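Written below as structure tokens is the structure these notes are about.
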Amino acid sequence: MTLDELLNQAKAIPSIPRVVSEVTAELDRDDPDPRRIADLIATDPGLTARLLKLANSAFFGLTRQIDSVGEAITVLGFNHLRTLVQAVALGSSFKTVPGVNLEQFWRYSLNTAKICRPLARSLRLPEGAAFTAGLVHAVGDLVMHIGMPDVVAKIDWRVSPFDMKRAEVERSVLGYTYADVGAAFAQRWDFPEVIVKALRHQLVPFEGDIYEPLAGVIHMASWRARAQEMNLDRDAMAATFPDVVAILLGLSLETVLDKDPQEWTSAGELAAFLH
1 MTLDELLNQA
11 KAIPSIPRVV
21 SEVTAELDRD
31 DPDPRRIADL
41 IATDPGLTAR
51 LLKLANSAFF
61 GLTRQIDSVG
71 EAITVLGFNH
81 LRTLVQAVAL
91 GSSFKTVPGV
101 NLEQFWRYSL
111 NTAKICRPLA
121 RSLRLPEGAA
131 FTAGLVHAVG
141 DLVMHIGMPD
151 VVAKIDWRVS
161 PFDMKRAEVE
171 RSVLGYTYAD
181 VGAAFAQRWD
191 FPEVIVKALR
201 HQLVPFEGDI
211 YEPLAGVIHM
221 ASWRARAQEM
231 NLDRDAMAAT
241 FPDVVAILLG
251 LSLETVLDKD
261 PQEWTSAGEL
271 AAFLH
């Protein structure tokens, strides 16, 4: 199946709820209206409940209970609210995906997002966009499993979705990768262009005329999260470390490992995200 054919399977692929698109549009305004955002979210009781549950989980490490969307906006700010809204929308949209352990997938994705944030901060890149990009960077994998389960099952048999060479195998078989698919759907779901570009170039963030530092952050964070998922020791991490991207970002292995989360994603965080 070509990429265009996969993208045209709109009925089979989950869409982002309309209220999330409306909230995102409001957040994109020069002067977002907190009351309008709260009112929009309130029209979807399920979204409201999941958002508050996630806000009060260990996800953001808050020391106080958040009881309303308005309070979430005040405490978290617009950038983190965007992350919350998009996160709960994605977590609830993909209920079941053939051949994918969704708990493992989202644990890996959340860990990638957690690493993206401090890496972006150290490079003076937007933390909110980095976190969101890290969270959704592999959503193309879910889309591919839904759109062509038999084809992707054969790729899964050859190489794990978390293997460092996964994208290389996808490209050799299909002519495109989960990064291409994810970027196309992020654009369809009205994600900001900075995130769409980061997803599109995450595998090769610096090549020719391409210079996408945020894509480089995703590249490094996803490498580290994959290493964690595969239980690689330090020697194995040193052997697989993306040296070229790291050099162009001014990072070392020690610098990246220093950005490890204080706590890797827990079962409690995962439950708040998925349910």
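Using full-length UniProt numbering, the letters of the sequence shown map in sequence onto residues 1 to 275.
Just so it is clear, CB atoms sit at the ideal spot from N, CA and C, and this is done for glycine as well.
Note that this is a predicted model, so its numbers are computed, not measured.
Can you list, in chain order, the residues of its chain with a C-beta nearer than 6 Å to that of residue 121? Leave out the 5 residues immediately preceding and following it.
For residue 121, where only same-chain residues beyond five positions count, the Cβ hits under 6 Å are 127.
Measuring only between beta-carbons, confirm whether residue 256 sits less than 8 Å from chain C.
As a matter of chain content, chain C is missing from the structure shown, which is built from one protein chain.
If I'm right that residue 245 touches residue 219 with Cβ under 8 Å, what's the distance once you round it to whole angstroms?
About 5 Å; that satisfies the 8 Å criterion.
Where residue 175 and residue 181 are concerned, what is the direct C-alpha to C-alpha distance, given to the nearest angstrom?
The C-alpha of residue 175 lies about 11 Å from the C-alpha of residue 181.
I'd like the list of long-range same chain contacts for residue 99, defined as Cβ closer than 8 Å, with 5 residues on each side in sequence excluded.
Around residue 99: 145, 149, 152, 153, 156.
Would you check if there are 3 or more beta carbon pairs closer than 8 Å linking the segment 99-112 to the segment 201-214?
No: fewer than three Cβ pairs fall under 8 Å.
The segment 159-177 contacting the segment 224-233, beta-carbon criterion three pairs below 8 Å:
Taking a cut-off of 8 Å for Cβ pairs, the segment 159-177 and the segment 224-233 touch, as three or more such pairs fall below it.
In the structure shown, what three-state DSSP assignment does residue 16 receive?
Coil at residue 16, not helix or strand.
Take residue 55 as the anchor and find which of 88, 147, 37, 5 has the nearest alpha-carbon.
Restricting attention to 88, 147, 37, 5, the CA atom closest to the CA of residue 55 is found in 88.
Within 10 angstroms of its Cβ, does residue 77 collect 16 or more other Cβ (buried), or is it exposed?
Counting Cβ neighbours within 10 Å, residue 77 comes out exposed, since fewer than 16 surround it.
Given a cut-off of 8 Å, decide if residue 115 and residue 261 are closer than it, judged by their beta-carbon atoms.
It is a contact, given that the beta carbons lie within the stated cut-off.
Assuming residue 138 and residue 109 form a contact by the criterion Cβ under 8 Å, report the distance between their Cβ atoms to the nearest whole angstrom.
At roughly 6 Å, the Cβ-Cβ gap stays under 8 Å, so residue 138 and residue 109 are in contact.
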